[in-house]
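Structure first, commentary second.
Protein chains in written order, with our numbering: chain B, 1 to 384; chain U, 385 to 768; chain R, 769 to 1152; chain L, 1153 to 1536.
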């Protein structure tokens, strides 16, 4: 049961002749991304809503919980693997959905899919991916999740679900918190709108039902197609009855992303979801929103054993993962860090970031005396 | 009932060919104002009393409250409009009184009045405006409020009220917290005193009763007129009985500005005001004063349904507005941001700042699952 | 009863043609002192013990209390004057003892005495003053206090007390917290020891009893005299019985300075002192010591009406004074700020700093609706 | 009983003609170390795990406790000496184990041993010292402690213990928290691994049992020897039964280092240790771990009188020592500061740092009115 794969990356890094594609430290990684990326794409990725209060809150929340390491536990034997929705994973870590990844590197989602598959983690492909979901699926054999920005055209929606199912996406992540774009001051000041440029329209342009909605084929009038696509899932919030309808349309695993209140978690369970993702969209939507970690315990308590709880928004280190898992998450999602890895070096950059995070998680558990994921419980933490 | 006017400004900004006149982020806006303005005027506008502790406190107080966004509420249909003192407004937002606005741009209050009217928000014209209240009233057709620095000469006071009434100012905002100037170290170190230069004497010089008080017409001895004017409303605090007297003189809406203690709020209601403005004058008067937001809940509880509660001091984002409205305010006042907009680009600069704030408010409500202003209640927030 | 002297300094500053000798803001004042002073003297004045934790703590403590200004109190009529130990003072403010002031300006204590007298505040002359206490007394006619570093030679001690009495020093401030020098890293790193250079020996060299202790007159062997003097009051802590003895030797007002614990305050009262000074010596003695303001309420409660409580350590603004007076102090001591004023401009510099602080106090009270010092009570404050 | 040795260093510093080898302030000392050391060694010494959260937490924890100095205690007579495990020490201070000290200065552990002996404090020699334990023992006559990274080869382990015993090491410190290296991002980004270069193999290469384990003598195949050595004590956590076994093998004093939880402290006592060291390895192992000082009170309460409690991780000043001793530690360990002293000036640099810390401790006690170590109790502190 000993798993030394992850922590072994430490020795591999120290033994290599060349420096890694980017830093092993989350803050340094973001700083070097700021240097190598153009202001527009960097601002789009790193930026948050409004004053950035929620981005900061997400990070500060972790610092209010401290790990109390335990000694002499024989933790050299440990197992990070879990079963998530019946699927064995090497660790309870998922790549969060991020759209338009070619903004950052021409290989975009294809590189990320390959890197994720190489370490065995699920990648969540966005509705607004730069490549059609079929092409991302074909790029690598890892676990496939699909994120849905919910179109207001039911037939287009069902067409997307059908394509995802046929391409082997086992889990559908419905994003509830981004039906309109937040007030992102960095983008607004730069006049930067990648979605408006059609970078996130690949899934639409490849969709037969969507194409029938257009007066002219996108090859002849791309701007109209792009605008039609954007209009389908922005500006139209949904309700809980509609979620129950969606549940009936999707036989696979269904997650609702963006849950921050215990009552919403209860309603999601009542609507039949298999899990909720506690997330404030990385601080990109509501300025001044509760830190995702601060919202986690109440959501986990409300859900209990009836569904799975994932955590997203702010994970930068192994300790962050440990804390979220202790506070009630069954798995955690990682977002910006892997995209910075993509920016620094394509697929190898993503792999480096993922392996670093897993090694950090592994060592943090080891040195805290934790031998398995289910030992990550509130008692391992104490308040600052 | 759907109102998409405000949030639509987001798309408008992203679609425009030229950059907006100034940043959409409050902190960046102040920083660029620091760069483009001369030190005296900038220090006068941005500066606070003493060590600046209250200016900082005003901002920090917002960070201690966090919004808990709710999902799937159908919030694409929402209504920001309110009735305030019987008048329909597109949003519960008022332009706070700021004197001598030609310090910042030659169009001063005229530009601000036009911008406010263009979005339908009330502008509060200061007693020490750079233009006479009649001229500001003539500049635009929006809702008109008049702020009173209370002269110690009752006839001059009544003359001002009469002029305001005749020019269509429906609401009188009596400022209680600025009967003497605070210890503003930035101005003192620079020796900068715009009021002493007579910039804020337009309403006096145009007042027939005031002119009769002068030994010589102001056209012949401007310094004497300016000094006489300043002396009328500095150095003389008032009491509650005098407020009851003023109440009898003004048939319109009467607000008392500068209330920070629940007992003062009760006394104001007992004196017959229609509302109170919770404010510490933007941190410009008492160094070390309570943050205005920290004072709000107790004042709102003390006032109850008997009067209207406005909030002023520290609003920079849509989330700030949401928090103040949740904590008991019926409407919020915005000050320095619109003046920075004025500094950056006259009327269009002010309009940009106001539309940005409204769009931010609109999107923050939307993405928090809030469909109407009266849904902004304490339960939407939690402590940090 | 109206007193407009203090706040009038605001208009005077704004009306003057030349800039004041130094900033009206405490932090800016210290920064400009850092620029104009040599590193040794500046470090000696500004520095604290060890890591500087107590210097920072002293300031941060003020920020945890906030003033809640009250409106319409008729506070244009107000009185800052108090009687302290039977002596009328224009405000409850005392110049704290600081030794070797010629480090900062050649006029040293003489300039400070003149400036203090010009505004009517007591100056506390240090045992280690650069000029003999008689000469400082002769420089100005203001209230005179004498600070005692307690020599271990009783006859020298009594000689000092006798000289102080004869020169009109009505109050004796016995410093309990500086019988050895703290670990002041700035001085140690620079090798800077002004006392060792004999700068603080003026009172010794002028003392007939002390001179009899020397093998040779100081004019012939100054180093030996300086060393003898330093040895008399460093390295020898005292006890409560000895304080009772000292009480019997001094008929005037007796204060014990350096009290931070309620039990020590009770013992001081039992030993017969007229008052205690809550102080951590400006953070210069014990690194990591409690902030003086945090220690004040318990000391004030322990002392009750039986003695007078002064507050020292950290006062930089009028709001600081208001807070300390609200939390139980009968008067406050100001230290470093007046010395920075001395560094910037001799007597006029000190006067500027003192008048600024008094104006700030006056305006802070006025704008908080406070008409007299005895209205400064805990209810004016609330926690942050 | 008067001990003026330590505080006298203050006068010695002020009286010397040349500046000391490095600063007397912990933060300035680290900053100058950053300047004079190469990035690799400096990062190795100063760096912490992951984001550095635990390094920061260790320091911040001290600031939440404040000393309340007491007056007139006659504290000029005081005694810092203690008996620790039956051995008289001049103060309850121990040099924490740090490996591979020649990274910092060619004299490495030999210089540190001489400096420690010169002030009478125990030095804890690391398993991964740059010089064999016998050579370090021979360098100076001070109290000798030996730190054990526990090899997974029992015979090698016993050989090390036997050598330590024969060289006069009275105390064995078993490190429980470093059986694998933490995720130290500074080292990883630089690819810096001093242990991998064999710098810490001196004790192995000199060990007869270890040498028999090698296919070829280390003189012929040093890389193989180094790798074998590293493999012996990395990657293999132990359990409590094995600690009981080790207890039986070592007749001297036995301490377990790395204890942060009260239950682990109880188990250590049950396994027969003489003491525990509360430590998070200076923040180098688990990012996000509890501050060592925050863990101290519960461990001390759990241990009670049954064993001795040492404190390690974060000590930079005399006040830090006072606080740890008040909160339950019987003695404190100092780490990085003496290594920075070594970097600045070899043996004299170490001695300067140690004497500075002792003088600071002495003066902090004196000026807090504390006459002996056993007066350092919780009542001397209060929360911030």
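Just so it is clear, CB atoms sit at the ideal spot from N, CA and C, and this is done for glycine as well.
One thing to note: residue 75 (chain B) has its Cβ within 9 Å of the Cβ of residue 1389 (chain L). According to the DSSP assignment, residue 242 (chain B) belongs to the alpha helix (DSSP H) that extends over 240-249. Our two residues, residue 167 (chain B) and residue 160 (chain B), have alpha carbons roughly 11 Å apart in a direct line. Under DSSP, residue 1524 (chain L) shares a beta bridge with L:1231. For secondary structure counted as the beta strand (DSSP E) over 3 or more consecutive residues, the segment 278-361 of chain B holds these complete runs in sequence order: 308-311 and 331-334.
One finds nothing in chain B with a Cβ atom closer than 7 Å to the Cβ of residue 709 (chain U); even the nearest lies about 12 Å away.
Here residue 474 (chain U) is not near residue 705 (chain U), since their CB atoms are 9 Å or more apart. The beta-carbon of residue 666 (chain U) is placed no less than 9 Å from the nearest beta-carbon of chain B.
Against chain B, the beta carbon of residue 1480 (chain L) has no neighbour under 9 Å; the closest one sits roughly 16 Å away. Looking from the CA of residue 1183 (chain L), the closest CA among L:1488, L:1526 and L:1509 belongs to L:1488. For residue 19 (chain B), the chain L residues whose C-beta falls within less than 7 Å of its own C-beta are 1343, listed in chain order. Residue environment for residue 241 (chain B): exposed (fewer than 16 other C-beta atoms within 10 angstroms of its C-beta).
If you check the CB distance, residue 1281 (chain L) and residue 1352 (chain L) come in under 9 Å. Look at residue 1376 (chain L) here: in three-state DSSP terms it is helix. Fully contained in the segment 131-190 of chain B are the following alpha helix (DSSP H) runs of length 4 or more, in chain order: 133-139, 154-166 and 185-190. Contact check between the segment 593-607 of chain U and the segment 564-578 of chain U: fewer than three CB pairs, one atom from each, fall below 8 Å, which does not count as touching. Residue contact with chain R for residue 1470 (chain L): present (Cβ-Cβ distance below 9 Å to some residue of chain R). With respect to residue 1225 (chain L), residue 1007 (chain R) sits close: the two C-beta atoms are nearer than 9 Å. In this structure, DSSP gives residue 450 (chain U) an extended state, which the three-state scheme calls strand. Against chain U, the beta carbon of residue 1079 (chain R) has no neighbour under 9 Å; the closest one sits roughly 15 Å away. Between residue 775 (chain R) and residue 564 (chain U), the C-beta spacing is below 9 Å. Apart from sequence neighbours up to five positions away, the residues of its chain that approach residue 1440 (chain L) with a beta-carbon distance below 6 Å are 1205, ordered along the chain.
Counted as a single uninterrupted DSSP element, the beta strand (DSSP E) harbouring residue 643 (chain U) occupies residues 637-643.
Apart from the 5 residues on each side of it in sequence, residue 1401 (chain L) sits with its Cβ closer than 8 Å to the Cβ of 1309, 1310 and 1313 in its chain, given in chain order. Secondary structure note for residue 1162 (chain L): its alpha helix (DSSP H) is the uninterrupted segment 1160-1167. Secondary structure of residue 893 (chain R) (DSSP, three-state): strand.
A contact is defined here as three or more CB-CB pairs under 8 Å, and the segment 197-211 of chain B meets this definition with respect to the segment 118-137 of chain B.
For residue 622 (chain U), the residues of chain R that pass the 8 Å Cβ criterion are 840 and 842, in the order they occur in the chain. Residue burial annotation: residue 854 (chain R) is exposed, with fewer than 16 other C-beta atoms found within 10 angstroms of its C-beta. Collapsing the DSSP output to three states places residue 1043 (chain R) in a strand. Per DSSP, the unbroken beta strand (DSSP E) holding residue 1150 (chain R) starts and ends at 1149-1151.
Contact of residue 67 (chain B) with chain L by beta-carbon distance below 8 Å involves 1438, 1440, 1441 and 1442. Look at residue 407 (chain U): its C-beta is under 9 Å from a C-beta on chain B. For residue 1475 (chain L), the closest alpha carbon among the candidates L:1512, L:1264 and L:1170 is that of L:1512. Of all residues in the segment 1117-1144 of chain R, only 1127, 1128, 1131, 1132, 1134, 1135 and 1136 place a beta-carbon less than 7 Å from a beta-carbon of chain U.
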